[in-house]
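One structure below.
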Amino acid sequence: MITRINLIINLKILGTGKKIKKSIPNIRKFFFMLLSLILGLTWQFNVYAQELDYSDESGKAAEIIKNSKQYQNFLALQKNIAEENGDRVRKFEVFVNNVNVRIVPTDDSITEVTYNGYPRINLFRKNAYDYVFQRNDSIILNEKGSFEFINLKPIYDGEIKKLISFFKKIESLKGFSIEEDSYELKELDLHGFSNVKYLRLYKVSYESIKIPEKNSIKDFKVAFSKVKNIEGIGFLKHLENLNLIRVKVSDLNGLEYSKDLKRIDIGAPKEKGFHIENIPDLSNFSKLELLIFNSKYTKGVDGIENLHNLKRLHVGSEFNYEGIDFPDSLEYLHLAGLENNKMPNLFGNNKLKELGIARTSISKVEGFSDLKKLEKLNLVSNEIKEISDLDSLKSLKILSLSGNRIRSIENIEKLNLLEELDLSYNMIESTKGLSKNLNLKRVNLENNKIKKVEDVNNLTNLIVLDLVFNPIEEFDYSTVNNLTNTKIRLSDTPVGDAMTKAEKKKYRKLNKMLFF
Numbered sequence: 207m208i209t210r211i212n213l214i215i216n217l218k219i220l221g222t223g224k225k226i227k228k229s230i231p232n233i234r235k236f237f238f239m240l241l242s243l244i245l246g247l248t249w250q251f252n253v254y255a256q257e258l259d260y261s262d263e264s265g266k267a268a269e270i271i272k273n274s275k276q277y278q279n280f281l282a283l284q285k286n287i288a289e290e291n292g293d294r295v296r297k298f299e300v301f302v303n304n305v306n307v308r309i310v311p312t313d314d315s316i317t318e319v320t321y322n323g324y325p326r327i328n329l330f331r332k333n334a335y336d337y338v339f340q341r342n343d344s345i346i347l348n349e350k351g352s353f354e355f356i357n358l359k360p361i362y363d364g365e366i367k368k369l370i371s372f373f374k375k376i377e378s379l380k381g382f383s384i385e386e387d388s389y390e391l392k393e394l395d396l397h398g399f400s401n402v403k404y405l406r407l408y409k410v411s412y413e414s415i416k417i418p419e420k421n422s423i424k425d426f427k428v429a430f431s432k433v434k435n436i437e438g439i440g441f442l443k444h445l446e447n448l449n450l451i452r453v454k455v456s457d458l459n460g461l462e463y464s465k466d467l468k469r470i471d472i473g474a475p476k477e478k479g480f481h482i483e484n485i486p487d488l489s490n491f492s493k494l495e496l497l498i499f500n501s502k503y504t505k506g507v508d509g510i511e512n513l514h515n516l517k518r519l520h521v522g523s524e525f526n527y528e529g530i531d532f533p534d535s536l537e538y539l540h541l542a543g544l545e546n547n548k549m550p551n552l553f554g555n556n557k558l559k560e561l562g563i564a565r566t567s568i569s570k571v572e573g574f575s576d577l578k579k580l581e582k583l584n585l586v587s588n589e590i591k592e593i594s595d596l597d598s599l600k601s602l603k604i605l606s607l608s609g610n611r612i613r614s615i616e617n618i619e620k621l622n623l624l625e626e627l628d629l630s631y632n633m634i635e636s637t638k639g640l641s642k643n644l645n646l647k648r649v650n651l652e653n654n655k656i657k658k659v660e661d662v663n664n665l666t667n668l669i670v671l672d673l674v675f676n677p678i679e680e681f682d683y684s685t686v687n688n689l690t691n692t693k694i695r696l697s698d699t700p701v702g703d704a705m706t707k708a709e710k711k712k713y714r715k716l717n718k719m720l721f722f
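The sequence shown runs contiguously to residue 722 in the working numbering.
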């Protein structure tokens, strides 16, 4: 559907062609008008017009914003707050039905409501809700001009109290986000926000959050904050998503009543020494699809095996997975823990697409026979001595074994779909063993014990071959002369360090992708 935008500009102001040229002082304006002509957009002009005559979605959005009593009242409040602090009113980015219109206070002239004669609209922004939660001072209004979402970053002492008092009166509000509020408020009381479904607090100084018995909260996110206590956590009966990242909360008792939980993400605490205790048995959360926690800072995590809808499980350091029967529904699994010296029991986990096992004492690769759909395998920073038992991984595209004790590249020739291989920081002495993996695009052999480049010249799909920090003492160009489109990194090697500028220049003429 062709978009039609009518901006009325008085032709008397434009005058002759020269004056038209002066009215377009930069390439951006000229390009915008040219693009509009190509797309069949109609432009009519009148500089003195007090209203914009729009016929597209952005125009409707601008009209809704301009006529919104709630928004005008909010601007008036902002103006009073700014005047009290001897400052000017800050501007908010406003959305209506996912259409983004940058608007300024109503006492500004109409030309400031547009960008040099063009609406301040971002046509590429599709998800306004996520965007508002990522951007300071952003607002979403509905078609009636009522507030639905707001993201605030208080900049004055006492401002947040006035804003909370204002928004408690707005029944249409579905969600709000507060960022970097370091002023006097120590407790956030959510009484009065009965229709709010989405709450996000980022870098705030509140130590306590009060949740009323009557609430609609589905999404609860607190990150990098001083929050110690969530009073009324047992009232979160509609909760679907819980994120507690870098906070001081130590007790989640009562969370078991949140039967609709689909996602739990509990990161490391705000300060060392804090532990999250009293985590309910996970068997309570039959709908859970994602679980992320750092076992170093959590205690008593039980019931993982009963989460039959779980698709993603990420566990931090110091997690003993011995004896755990992981749910067959898992598609993404990441584990860690030095006390583990064996691979986890993955029998029956044939839906796994991504597996990561890091920072363990495992020395042998085994137990992957059921993982037919596995596409990414990450076995970084273990004690693995050799590559083995990977033949059954027919779907594998990415393999990382960085930071182990591997001495040779072997037993990967049957991984026909393999595209990325990371064997950096091992003890590998030769590049032999890669020749049959013709789909390889990226190979990282950084920081090994390789002395000679060989057995790679037929890997013509390679984009990057990284050999830096290896004891390579000699280089024969014929071993890589087919890799004209491959970035080959040989810097910080004896052969590279010993080369003169003239020699390096000679090789660069042969292949501009060679880096010594």
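For each residue, glycine too, the CB sits at the ideal point set by N, CA and C.
Asked: Strand pairing of H514, partner residues [DSSP]; Found: Looking at the DSSP assignment, H514 forms no beta bridge with any residue, so it has no partner.
Asked: Spatial distance of N610 from K655 (CA atoms); Found: 13 Å
Asked: Spatial distance of E157 from K579 (CA atoms); Found: Within the shown structure, residues of the chain are numbered from 207 to 722, placing residue 157 beyond reach of any answer.
Asked: V402, DSSP secondary structure in three states; Found: coil
Asked: For L596, the nearest candidate out of S608, N588, R469, L577 (CA to CA); Found: L577
Asked: Where Y713 falls: helix, strand or coil (DSSP); Found: helix
Asked: Start-to-end residues for the alpha helix (DSSP H) that takes in L281; Found: 275–290
Asked: Nearest-angstrom Cα separation, counted from L602 out to M633; Found: 23 Å
Asked: Same chain only: Cβ atoms within 7 Å of N526, ignoring 5 sequence neighbours per side; Found: G543, E545, N546
Asked: The stretch 342–358 touching the stretch 274–281, judged by at least three CB pairs closer than 8 Å; Found: yes
Asked: G473 burial status per 10 Å Cβ neighbour count (16 or more: buried); Found: buried
Asked: Under the three-state DSSP convention, the category N490 falls into; Found: helix
Asked: Length at least 3, wholly inside the stretch 566–618: the beta strand (DSSP E) runs in chain order; Found: 582–584, 604–606
Asked: Nearest candidate by alpha-carbon position, reference S630, set S598, K642, L585; Found: L585
Asked: Cβ-based neighbour list, I612, same chain, cut-off 8 Å, excluding 5 preceding and 5 following; Found: I590, K591, E592, I593, L629, N632, M633, I634
Asked: Rounded C-alpha distance that separates I345 from L646; Found: 47 Å
Asked: Close beta carbons around F681, own chain, < 6 Å, minus the five adjacent residues each side; Found: V701
Asked: Bridge partner(s) assigned by DSSP for K693; Found: V670
Asked: From K582, N588, F355, K711, residue whose alpha carbon lies closest to that of R565; Found: N588
Asked: Contact set for H197: own chain, Cβ-Cβ below 6 Å, skip 5 residues either direction; Found: Not covered by the structure: residue 197. The range shown for the chain is 207 to 722.
Asked: Reduced DSSP secondary structure (H/G/I, E/B, other) of V428; Found: strand
Asked: Limits of the unbroken beta strand (DSSP E) element including L561; Found: 560–564
Asked: Burial state of L644 (16 or more Cβ within 10 Å); Found: exposed
Asked: Contact set for E660: own chain, Cβ-Cβ below 8 Å, skip 5 residues either direction; Found: S636, T637, K638, T685
Asked: Coarse secondary structure for V649, derived from DSSP in three states; Found: strand
Asked: Cβ distance (whole Å) where I356 is taken to contact F382 below 8 Å; Found: 5 Å
Asked: Through-space distance from P360 to Y408, alpha-carbon basis; Found: 12 Å
Asked: Candidates E413, G440, S422, of which the one nearest K432 by Cα; Found: E413
Asked: Bridge partners - L541, DSSP secondary structure assignment; Found: I563
Asked: Neighbour-count burial assignment, S567, 16 or more Cβ in a 10 Å radius; Found: exposed
Asked: Member of E524, K493, N512 whose CA lies at the smallest distance from the CA of N500; Found: E524
Asked: N676 to E652 span [Cα, whole Å]; Found: 7 Å
Asked: For N556 and N421, the rounded distance between their alpha carbons; Found: 40 Å
Asked: Beta-carbon proximity list for E616, same chain, < 6 Å, skipping 5 on both sides; Found: I593, G639
Asked: Beta-carbon proximity list for L536, same chain, < 7 Å, skipping 5 on both sides; Found: L516, K517, L519, N555, K557, L558
Asked: I604 beta carbon near the ligand HEM (any heavy atom closer than 8 Å); Found: The ligand HEM is absent from the structure shown, which contains no ligands of any kind.
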